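Working notes for the structure below.
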Amino acid sequence: MIEWDSQLRQEHDDLDAQVKLLEQALAGKNGPQSRWGALSHLVIRSLGPHLELHLRKEEQVLFPALEKIAGGEIEEVRKLIEQHQQLRATLRELADQLSEPRRENINWRQVSESGEKFMRALGEHERQEEHMLKDVLEASLKPRELMKLAEGFHQVTWKAFQEEL
Numbered sequence: 645m646i647e648w649d650s651q652l653r654q655e656h657d658d659l660d661a662q663v664k665l666l667e668q669a670l671a672g673k674n675g676p677q678s679r680w681g682a683l684s685h686l687v688i689r690s691l692g693p694h695l696e697l698h699l700r701k702e703e704q705v706l707f708p709a710l711e712k713i714a715g716g717e718i719e720e721v722r723k724l725i726e727q728h729q730q731l732r733a734t735l736r737e738l739a740d741q742l743s744e745p746r747r748e749n750i751n752w753r754q755v756s757e758s759g760e761k762f763m764r765a766l767g768e769h770e771r772q773e774e775h776m777l778k779d780v781l782e783a784s785l786k787p788r789e790l791m792k793l794a795e796g797f798h799q800v801t802w803k804a805f806q807e808e809l
C-alpha cells in the first residue's frame with residue numbers, strides 16, 4: 645500500500661540530494677567557469693522550481709490540515725511559513741549572485757555564505773516539520789483523510805503544471 649506521504653518523502657529525499665550537490669559545488673575545486681555553470685544550473689534550473697512546488701504543497705495542503713485539527717491558526721505553522729519565506733529569499737539571493745550579468749565578477753565568498761545559509765535553513769525546517777506534520781497528522785486523521793491530503797498534493801502539482809511552473 646502506498647503511504648499518504650510517499651510523494652512528500654520522495655521530494656524531501658530529492659531535495660536532500662540536490663543540497664548535497666550544492667554543498668559539493670560550493671566546495672568545488674573546479675575553476676570559476678565550471679563552478680559557475682554547475683551552481684547556476686543546480687540552483688536556478690533544478691533546486692528553485694523543485695523547492696517552490698514542494699513548499700506550495702505544504703502551504704496549500706498540510707498547513708491548512710494542521711490548523712483545521714487545531715481549530716485555528718497555530719504558532720508552529722506561522723513559524724514554518726516564515727521559514728518558507730526565508731528559504732525562498734535565500735535561494736533567490738543565491739540565484740541572483742550566480743546570474744548571467746554577474747558571471748564575470750562573482751563574489752565566491754558571498755555565494756558560499758548564501759549557500760551555507762540556505763542549507764542550514766532547509767535542514768532546520770525539515771527537522772521541525774518532520775515531527776509536527778507527520779506525527780501530528782497521522783495521530784489526528786483517519787487513513788481516508790490522510791489519502792485526501794495525498795490527493796491535495798497531486799492537485800497542487802497539476803495546478804502548478806498548468807501555470808507552467
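Mapping of the sequence shown onto our numbering: residues 645 to 809, in sequence order. Virtual Cβ for every residue (Gly too), placed ideally from N, Cα, C. Quick caveat, the model's predicted, so the values are computed rather than measured.
Taking only the alpha-carbon atoms, compute the straight-line gap between residue i and residue j and give it to the nearest angstrom.
i	j	result
Glu655	Gln806	20 Å
Glu717	His728	17 Å
Met645	Val780	For Met645, the pLDDT reaches just 44, beneath the cut-off of 50, and the residue's location in the model is therefore unreliable, although a value from the coordinates is still provided. The straight-line gap from Cα to Cα measures roughly 21 Å.
Ser743	Pro708	35 Å
Ala733	Val687	13 Å
Asp649	Leu724	18 Å
Glu782	Trp802	25 Å
Glu720	His698	18 Å
Ala682	Gln799	32 Å
Glu757	Asn749	16 Å
Arg771	Met791	23 Å
Gly715	Leu706	14 Å
Ser690	Glu702	19 Å
Lys761	Leu670	12 Å
Leu710	Leu785	10 Å
Gln668	Gly796	34 Å
Cβ of residue i within 8 Å of Cβ of residue j?
i	j	result
Arg794	Gln704	As written in the sequence, residue 794 is Ala, which differs from the Arg given in the question. No, the Cβ-Cβ distance between Ala794 and Gln704 is not below 8 Å.
Ala804	Arg700	yes
Asp658	His694	yes
Arg736	Trp680	no
Met763	Val663	yes
Check the C-beta distance from residue i over to residue j and give it rounded, since I have them as a contact under 8 Å.
i	j	result
Gln730	Gln741	Incorrect: roughly 16 Å between the Cβ atoms, too far for contact.
Ala661	Gly692	Incorrect: roughly 15 Å between the Cβ atoms, too far for contact.
By the three-class DSSP mapping on this structure, what secondary structure does residue i have?
i	result
Ala671	coil
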